[in-house]
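J.: Would you mind keeping the following structure in view while I ask a few things?
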Amino acid sequence: MDNYSQALNWAQHYCSKAERCPGDVLKKIGKYNLDADSVKGLLENLRKENYLNDARYARAYVVDQFRFSRWGRIKIRYMLKQKGLAEKDIQEALEQIPQDEYLESLKALIKEKEKHYAALEAYEKKFKLLRFAYSRGFEPDLINQCLDSSKNY
Numbered sequence: 001m002d003n004y005s006q007a008l009n010w011a012q013h014y015c016s017k018a019e020r021c022p023g024d025v026l027k028k029i030g031k032y033n034l035d036a037d038s039v040k041g042l043l044e045n046l047r048k049e050n051y052l053n054d055a056r057y058a059r060a061y062v063v064d065q066f067r068f069s070r071w072g073r074i075k076i077r078y079m080l081k082q083k084g085l086a087e088k089d090i091q092e093a094l095e096q097i098p099q100d101e102y103l104e105s106l107k108a109l110i111k112e113k114e115k116h117y118a119a120l121e122a123y124e125k126k127f128k129l130l131r132f133a134y135s136r137g138f139e140p141d142l143i144n145q146c147l148d149s150s151k152n153y
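All residue numbers for the sequence shown refer to our numbering, where the first residue is 1 and numbers rise by one.
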């Protein structure tokens, strides 16, 4: 069995276990020493056989990072761009997050973190919570809206 066939079999197995993006596959197939044309053909083959699907990957990634890691849209968008996905696929996937669920997640995140800053002055607590929520990828206007609706600031 030649290197291309081995790499294709391995990539099919790798992609069948979980959603993958082309970047994930490229990182792993380096051990097969394929030339650029073979790599391109391998990725095309995986797409044709529906092992790789950027839109499906983006949707799964958004759901996982929002529900389990509790990331906001900004951070999720940035990470998907880093993985080389198209803006169209990213936008469609992000639109799947219900706005009310998104706001509730942000409020819960702020409420949880607020306990750590109980001893601080109100303005310092607000600044730290704002910075924390922003680092999680939530939009500044939504963060301010949540913080302003709280009676503690």
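Just so you know, even glycine gets a beta-carbon here, dropped at the ideal spot from N, CA and C. From a predicted model like this one, the values you see are computed outputs, not experimental measurements.
To the nearest angstrom, how far is the alpha carbon of Leu80 from that of Ile90?
T.: On the sequence shown, position 80 is the one that residue 80 refers to. On the sequence shown, position 90 is the one that residue 90 refers to. Computed Cα separation, rounded: 7 Å.
J.: Do Leu26 and Val39 count as a contact pair if the criterion is CB distance below 8 Å?
T.: Your numbering for residue 39 matches position 39 in the sequence shown. Your numbering for residue 26 matches position 26 in the sequence shown. For Val39 and Leu26, yes; Cβs fall inside 8 Å.
J.: Among Gly84, Leu103, Ile76, Phe138, which residue has its Cα nearest to the Cα of Leu94?
T.: Along the sequence shown, one-based indexing puts residue 94 at 94. Looking at the Cα atoms, Ile76 is the closest of the given residues.
J.: When the distance is taken between beta carbons, is Asp54 closer than 8 Å to Leu8?
T.: If you number the sequence shown from 1, residue 8 lands on position 8. If you number the sequence shown from 1, residue 54 lands on position 54. Contact flag unset, no.
J.: Is the separation between the beta-carbon of Leu147 and that of Lys126 shorter than 8 Å?
T.: Here residue 147 corresponds to residue number 147 of the sequence shown, with the count starting at 1. Here residue 126 corresponds to residue number 126 of the sequence shown, with the count starting at 1. Yes, they are a contact pair.
J.: Does the pairing of the region 126-144 with the region 64-75 give three or more beta-carbon distances under 8 Å?
T.: Yes: the two stretches touch, three or more of their Cβ pairs being nearer than 8 Å.
J.: Rounded to the nearest angstrom, how far is the Cβ of Asn33 from that of Asn3, given a contact under 8 Å?
T.: In the sequence shown, residue 33 corresponds to position 33, counting from 1. In the sequence shown, residue 3 corresponds to position 3, counting from 1. Going by Cβ atoms, the distance from Asn33 to Asn3 rounds to 6 Å, so yes, they are a contact pair.
J.: Go through its chain and collect everything with a Cβ distance to Leu106's Cβ below 8 Å, but skip five positions before and after it.
T.: What you label residue 106 is simply residue 106 of the sequence shown in a count that begins at 1. Within the same chain, Leu106 has close Cβ partners Gly72, Ala133, Phe138, Leu142, Ile143, Cys146.
J.: Using a Cβ-Cβ cut-off of 7 Å (strictly less than) and excluding sequence neighbours within five positions of Ala60, which residues of its own chain qualify?
T.: Residue mapping note: residue 60 aligns to position 60 of the sequence shown, counting from 1. Answer for Ala60: Glu19, listed in chain order.
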